[in-house]
Structures are given as C-alpha cells and as structure tokens.
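Notes to accompany the following structure.
In UniProt numbering, the protein residues as written are 1 to 539.
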C-alpha cells in the first residue's frame, strides 16, 4: 500500500513538473516571437552574444576535405587575415542559426560549389514582413549550438563505438525490477537502483566518448525538424520518423536554461540510456539519407544566410549588386571600406596594373583592402559597398600585414619573401582571374636591393595574363623604372601650419609630396633632428 501511495505521489509530482515546464516553454516561445518581430526595424541580430566565427569553420573544412571540387578560388588564410574578413563576418552576421554562420563563413571564403545568395528571396525578405517573421521565428527556435559540425553527417560518419544491442536489456532493467517486487521486494529495489546506476554511468561514459558528436547529432535532428516545418517538401519519408521523435531531443545545452522540467527529463533519459539508443538510431538514419539531410541542411542555412545578407544591406548607407564583366577590369564608383566609420568613397577604373604611391597614413592600404574586400563579398555575397561595381569574378590574394614569426624563427623579410612566393606560385598554377594586392613591397630590406627586387617582381606579375595587380610603395624610383608598364595613382596629405590633413581620395599620377620629415616636426622631435633631416633632403 505504501509503495502504491509513493508511486501515486511520484506521478503527481512528475505531472506538476511537466505542467510547470510546459508553461515555462510556452512563455519562452511567446518571448521569442515577440522579440523576433522587433529585430528588422531595430536592425539588430537575434543573438547578442555571438560566438567567435572560428567555431563555424567546420562546414568549410568538411566540403574542402570531402567534395571533389575545384578549390582554387578559395580565399587563403593570409588574405583572410590581411583583409580583416574575420571582423567583417561579425559585422555582416545577422544569422539565427549555427549553420547560417557556417554557410556565411564558407561563402566569404569563396568555397567551391556554393549556391549564390538568392536575390529573389532577399527581395521577399525585405518587402514581406509576414514571410520574414514566420521563418525568423522557426530559425530562432533552432538557434545556435556552442559547437557545430553537423555538416559531417552529409557524408558517411562512423561512431567511435558500435551499437551494443545488449544495452536494451540494461535500459529495461528498472522495469524488470518493478515486476520483481511481487516476487522479492529486496531484489526488486536492488535491480531498480542498480539499473538506474549502471544506465546513468554508461550513458555519461558514452557522452564523454562521443564528445561534441553527441551535441551535433541532436542539433542535426532539429535542423531536419525546422526544414520540415518551413517547407513540406523536406518532410521526406527517410527522415520523417526522426521528426516524430523530436520531443525526446533535449540535450545538456537545453538543460542549462534552468528549466526544472527539462532537467528532470534529461535525468530520466540518462537513467534509461535513452540518448544512447537515440544517438545510434539517428546516426543510422542519417547515413542512409545523406542527400535528403544535405538538402534540408542547405535549405535552412541558405534561408538564414539570405536573411543575414538582407539585414546587413539594410544597415549600409548604400550598396550595389555587382555586375559581371567579360573584359578584364574593375569599374567602381563610390567604393568604401565597410569596416571604417565615416568612410571616404573613391572611384576607380582598374583596367591596367596599378602602382600606388603617397604619404604615410594617406589611405593607400585602406583603399587596397576596400577593393579586396569588395571582390570577396561580390564573389560570395553578391554585394558591394559601392554605388557601382563591375568586375570579372576571380580570386583575391594579398601580401599586406606582414609580421615576423618568433615561433617559426622568421625575420620580417623572410616572412615577406614567403608571402610573396606564395603569390608567385599561385600565379604560375592558377587558371583564372587573380587579383593581387601587395602593400609596401620588400620594405624589410635595404633600399638598393628593395627597388631592384620590387621592379622585377612587379614586372613579372604585370606580364602575366589574367592577373590584376595593385601594389603600394614608398620607393618613388619605381615610378620611373615602371612608367611604361604600370598605371600610377596616389594619395596625398595637406599640411597647414602645425596640422596635417588627409582627404583619403585617390588621384591619378605618382605622388609629388611626402610627409615623413614634416611629421618629425609635428610630433615635436628636437629642432636639430628636424632641421638636419630637412637639410639632407634639400641636398
């Protein structure tokens, strides 16, 4: 009698916990719906605390390792760093989901076989609030995972440990123990407690062994569920049964929300090894349905990417849809750097290799980066921060922010040599359009050797077909040596008394002024230092 009363009490408490949990979940959904409705007008992202983009490189890595595709157009690590694309992705990122982050990253890396952003869908997102809010809510409910490598399930994935059918008996052992109560109460209690303990131990051991795979596989199922709710085409037979099991897909990340119902439910699953069986069931289904899963993954990720691009465009002062050219050139108007506050716009027709000259801090590097970034975002996001951007699509590669490497034991000049050699090798083997950006070429060595080496390297690159070169230098000797090969542009400063002003506008021709000596005066170097340097220049 006491046992039955205890079971009744346990059932009542469990029902109350479930009701409380359901109420909290409904309130959470209400808050998300309300919050999502305000995002567009406020031009803010759903998740204020974005995780660093480096956590979202797994999709890019997986397609590079598993897809038999042409990866020659991919933005390499050094160019990614030179152009500050890591900072740019944080500014562009208005995604709701982890897989949206991953696709955004892969698109900026110009990964092979990526579907271009859908301009028709972007237009619908911008113009139809009802459509935008409906899918935004679904994407927000999917949310982000601390680790994401769900794209690995697009390919054959083998777990570290094979499924053990004997664990079914262990999962049933608490129920067997209850039935034994009418035979031997002591044996019944020991069987129930022993079953719970063994199941909890083995469940936790399995989680520790599978590591992030465990989190990923539950997130993968939520991707399938989300795709099916957004579009009935993705309610496929092969994965439908997994969608029916979705109420069971509560993992430790959810438990961290302090929802007591979810915590109790997670504990119950642990004691019956439910997650162990679900893990292998899901993995078996995913391995049988690679293409269906891949379609669902891409559908959700692309929708999220298009939303992010649409929202980012809304935050820009102006932008252009790039126009493709067959001729080898870039023609841009009102081009600006998307990471600079109050940027200065510039026009340029880039149909001949360019040598940039000009004073320190006048804007050469910023302009080159703006140009490189716009090639990258035109390739990957079909967007340019300009009023006009006509170009022939191609790969961008740079040698700009060179540093010495203490770890590798490389001096500044050796690091520069390696960086430029990488460009030379790319030019020799690349079959397509290549945009080369080189800042202050060979500045790590003496003047005589620097000028000689720079002249020959720049002339070598200029002689190559389908290579678009823009290089910056302080060595004015190069303008005379290369006057028949390159076009010259410059940036300049304006000195007024004790102040220096830069307008950051690009001008045709080589620079005719410099500011290094005057900067000594403006920064209060001793008078004899300034006058001595000035007299040497005069002589």
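Every residue, glycine too, gets a C-beta built ideally from N, C-alpha and C.
Anyone know if the C-beta pair for residue 543 and residue 339 falls short of 9 Å? Any answer about residue 543 is impossible in this case: the structure gives the chain only from 1 up to 539.
Label residue 537 either buried or exposed according to how many other C-beta atoms from any shown protein chain fall within 10 Å of its C-beta, with 16 as the threshold for buried. Burial call: exposed.
Would you report the Cα separation of residue 295 and residue 234, rounded to the nearest angstrom? Cα to Cα, the separation comes out at about 8 Å.
Identity of the residues DSSP links to residue 540 by a beta bridge: Since the first residue of the chain shown is 1 and the last is 539, residue 540 is not available in this structure.
Residue 520 to residue 501 span [Cα, whole Å]: Cα-Cα distance, rounded: 15 Å.
Between which two residues does the beta strand (DSSP E) carrying residue 586 extend? Because the chain spans 1 through 539 in this model, residue 586 falls outside it and cannot be assessed.
Alpha carbon to alpha carbon, how far is residue 332 from residue 284? Taking the straight line from one Cα to the other gives about 52 Å.
Which listed residue (148, 273, 292, 413) has its alpha carbon closest to that of residue 225: Closest option to residue 225, Cα to Cα, is 292.
Neighbour-count burial assignment, residue 529, 16 or more Cβ in a 10 Å radius: With fewer than 16 Cβ atoms within 10 Å of its Cβ, residue 529 is classed as exposed.
With 16 other CB atoms within 10 Å as the buried threshold, where does residue 394 fall? Answer is buried; the Cβ neighbour count reaches 16.
Are the CB atoms of residue 230 and residue 300 nearer to each other than 9 Å? A Cβ-Cβ contact shorter than 9 Å links residue 230 with residue 300.
Which one or two residues does DSSP pair with residue 332 in a beta bridge? The partner list for residue 332 (beta bridge, DSSP) reads 348, 389.
Would you call the segment 83-90 and the segment 368-384 touching, i.e. three or more CB-CB distances under 8 Å? The segment 83-90 is in contact with the segment 368-384.
Would you list, in sequence order, the uninterrupted alpha helix (DSSP H) runs of no fewer than 4 residues that lie entirely inside the segment 110-198? Whole alpha helix (DSSP H) segments, 4+ residues: 119-127, 129-142, 167-179.
Residue 365, DSSP secondary structure in three states: Three-state DSSP puts residue 365 in a helix.
Between the segment 195-215 and the segment 264-281, do at least 3 Cβ pairs fall closer than 8 Å? Segments in contact, yes.
Per DSSP, residue 213 is paired with what? In the DSSP output, where bridge partners are listed per residue, residue 213 has none listed.
Can you pull the DSSP bridge partners for residue 503? Per the DSSP secondary-structure output, residue 503 pairs with nothing in a beta bridge.
Checking the sheet assignment: what are the DSSP bridge partners for residue 435? Beta-bridge pairing by DSSP links residue 435 to 396, 468.
Look up residue 310 in the DSSP assignment and say whether it is helix, strand or coil. Residue 310: helix per DSSP, three-state reduction.
Report yes or no: do three or more beta-carbon pairs, one from the segment 359-372 and one from the segment 309-319, lie closer than 8 Å? The answer is no - the segment 309-319 does not touch the segment 359-372, with fewer than three Cβ pairs under 8 Å.
Under the three-state reduction of DSSP, which class applies to residue 384: helix, strand or coil? In the structure shown, residue 384 adopts extended strand secondary structure according to DSSP, grouped into three states.
Beta-carbon proximity of residue 170 to residue 195, cut-off 9 Å: In this structure, residue 170 lies near residue 195, with their beta-carbon atoms less than 9 Å apart.
Under a Cβ-count criterion, where at least 16 other Cβ atoms within 10 Å of its own Cβ denotes burial, should residue 526 be classed as buried or exposed? Exposed, because fewer than 16 other Cβ atoms sit within 10 Å of the Cβ of residue 526.
For residue 487, which residues in the same chain have their Cβ closer than 6 Å to its Cβ, ignoring the five residues on either side in sequence? Hits under 6 Å: 352, 354.
Just to confirm before moving on: does the CB-CB distance between residue 334 and residue 387 stay below 9 Å? By the CB criterion at 9 Å, residue 334 and residue 387 fall inside the cutoff.
Distance between residue 535 and residue 310 (C-alpha atoms, nearest Å): Residue 310 and residue 535: Cα-Cα distance of roughly 57 Å.
Beta-carbon contacts of residue 475 that lie in its chain and below 6 Å, excluding the five residues immediately before and after: So the list reads 451, once near-sequence residues are dropped.
For residue 541, write down the residues that DSSP places opposite it in a beta bridge. Limits of the chain in this structure are 1 at one end and 539 at the other, which puts residue 541 out of reach.
For residue 494, count neighbouring C-beta atoms within 10 Å of its own C-beta (all shown protein chains included) and say buried if the count is 16 or more, exposed if not. Counting C-beta atoms within 10 angstroms of its own C-beta, residue 494 has fewer than 16 neighbours from the protein chains shown and is therefore classed as exposed.
Whether or not the segment 418-437 and the segment 71-87 are in contact is what I'm after, with contact meaning three or more pairs of Cβ atoms, one per stretch, closer than 8 Å; do they touch? In the pairwise beta carbon analysis, the segment 71-87 is classified as touching the segment 418-437: at least three pairs are separated by under 8 Å.
Rounding to the nearest angstrom, what Cα-Cα distance links residue 289 and residue 147 in this structure? Those two C-alpha atoms are separated by around 23 Å.
In the DSSP assignment, find the unbroken alpha helix (DSSP H) run with residue 279 in it and report its ends. First-last of the alpha helix (DSSP H) with residue 279: 274-288.
Per DSSP, the bridge partner or partners of residue 323: In the DSSP output, where bridge partners are listed per residue, residue 323 has 390.
Using CA coordinates, which residue listed in 212, 108, 35, 297 is at the minimum distance from residue 381? Relative to residue 381, the option among 212, 108, 35, 297 whose CA is nearest is 108.
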